[in-house]
Amino acid sequence: MCFSATASFLSAGLLVPGGTYATALALRHDRRYLPLATFPLLFGVQQFVEGGLWLALGGSTLIGVETAALGFLAFAYFLWPFYVPLAARSVEPRADRRRLFAILAVLGFALGASLYLPLLFHREWISVTLSKGSILYGPVLIYDGIVPRSLVRAVYALIVSLPLLFSSVDAVRVFGMLILFSVIGSAIAYAYAFVSIWCFFAALLSLVVIAIVRRATLPAAGGRVGTVHPRAG
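Residues in the sequence shown are numbered from 498 upward in steps of one, following our numbering.
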């Protein structure tokens, strides 16, 4: 499998229009699905930024390596750990699970801030290299020397995947299983460049969200499978 600027830009070209369509559906028909609907759009922007990073690593002067890396990590490190739980909470009909997802969103925000904000103030901590045809992000973390990076990665994966896996909406739960499989597969097969590879697979999987939103918001598109039921509590 090849990963390159071309792959990043092509995936962005697929994700941005699809995400725009899903976002428009949610805005028009059911705004509880709006955070989830923006997944493909946001992943598309993230992939576009990484395409710019590929160009910078290749010698392009359009954007600096550190700037592009910070742009990509703003999504990977900071946004997703709290935005995914918030999106799951938005469509969740059960009050107890909404509270749980809200807690995970707060934890995700704290984790994301602790991973990303130090890099804004210490750009020298950013390390980006190419390894086996993939981008390797190796920034200094404030947890280095305190806890293993594998533990930080595991906590990150749990915060991102648990809200989807425990959703009461069947289609969201299936999406969560796909995300979990992508995490496990990326960790096993591409541990050397986990951040970049997993985000690429997650970006492509986010196309599933378009179908979820369409089926939930358009009854004529095959029924309301996986829709939100009236909330309790």
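Think of the CB as a built atom: it goes at the ideal place given N, C-alpha and C, for glycine as much as any other residue.
Roughly how many whole angstroms lie between the Cα atoms of Pro636 and Arg670? Your numbering for residue 636 matches position 139 in the sequence shown. Your numbering for residue 670 matches position 173 in the sequence shown. Between the alpha carbons of Pro636 and Arg670 lies a gap of roughly 32 angstroms.
Taking the alpha-carbon positions, what's the His526 to Leu702 distance? Taking the first residue of the sequence shown as position 1, residue 526 is located at position 29. Taking the first residue of the sequence shown as position 1, residue 702 is located at position 205. The C-alpha of His526 lies about 23 angstroms from the C-alpha of Leu702.
Would you check if the region 586 to 602 and the region 510 to 521 touch, i.e. whether three or more CB-CB distances between them fall below 8 angstroms? The region 510 to 521 is not in contact with the region 586 to 602.
DSSP on Thr517, reduced to helix/strand/coil? Sequence index remark: in the sequence shown, residue 517 carries index 20 (1-based). Here DSSP, grouped into helix, strand and coil, assigns Thr517 to helix.
Exposed or buried, Leu507, counting other C-beta atoms within 10 Å across all chains shown (16 or more means buried)? In the sequence shown, residue 507 corresponds to position 10, counting from 1. Label assigned to Leu507: exposed.
Buried or exposed (CB count within 10 angstroms, at least 16 for buried), Ala607: Taking the first residue of the sequence shown as position 1, residue 607 is located at position 110. Ala607 is exposed by the Cβ-count criterion.
Does DSSP put Tyr634 in a helix, in a strand, or in coil? Looking up residue 634 in the sequence shown gives position 137. Reduced to three states, the DSSP call for Tyr634 is strand.
Assign Val603 to one of two classes, buried (16 or more other C-beta atoms within 10 Å of its C-beta) or exposed (fewer than that). Reading the sequence shown from its first residue, position 106 is the one you call residue 603. Around the beta carbon of Val603, a 10 Å sphere encloses fewer than 16 other beta carbons of the protein chains shown; the residue is thus reported as exposed.
Determine whether the beta carbon atoms of Ile731 and Pro537 lie at a separation below 8 angstroms. The first residue shown for the chain is 498 and the last is 730, placing residue 731 beyond what the model contains.
Do Ala566 and Tyr634 have their beta-carbon atoms positioned less than 8 angstroms apart in this structure? Locating residue 634 in the sequence shown gives position 137, where the first residue counts as 1. Locating residue 566 in the sequence shown gives position 69, where the first residue counts as 1. Cβ atoms of Tyr634 and Ala566: closer than 8 angstroms.
Are the beta-carbon atoms belonging to Leu675 and Val705 less than 8 angstroms from one another? Counting from one through the sequence shown, the residue named residue 675 turns up at place 178. Counting from one through the sequence shown, the residue named residue 705 turns up at place 208. Yes.
Considering only their Cβ atoms, is the gap separating Pro660 from Phe598 smaller than 8 angstroms? By one-based count along the sequence shown, residue 598 stands at place 101. By one-based count along the sequence shown, residue 660 stands at place 163. If you check the CB distance, Phe598 and Pro660 come in under 8 angstroms.
Considering Cα atoms alone, identify which of Gly548, Gly556, Val546, Phe663 is closest to Arg596. Locating residue 596 in the sequence shown gives position 99, counting from the first residue. Closest option to Arg596, Cα to Cα, is Phe663.
Applying the 10 Å Cβ sphere with the 16-neighbour rule, what's the burial state of Pro645? Along the sequence shown, one-based indexing puts residue 645 at 148. Under a 10 Å Cβ-count criterion, Pro645 is classified as exposed, with fewer than 16 other Cβ atoms of the shown protein chains found around its own Cβ.
First through last residue of the alpha helix (DSSP H) which encompasses Val669: The sequence position of residue 669 within the sequence shown is 172, counting from 1. 667 to 686 is the extent of the alpha helix (DSSP H) around Val669.
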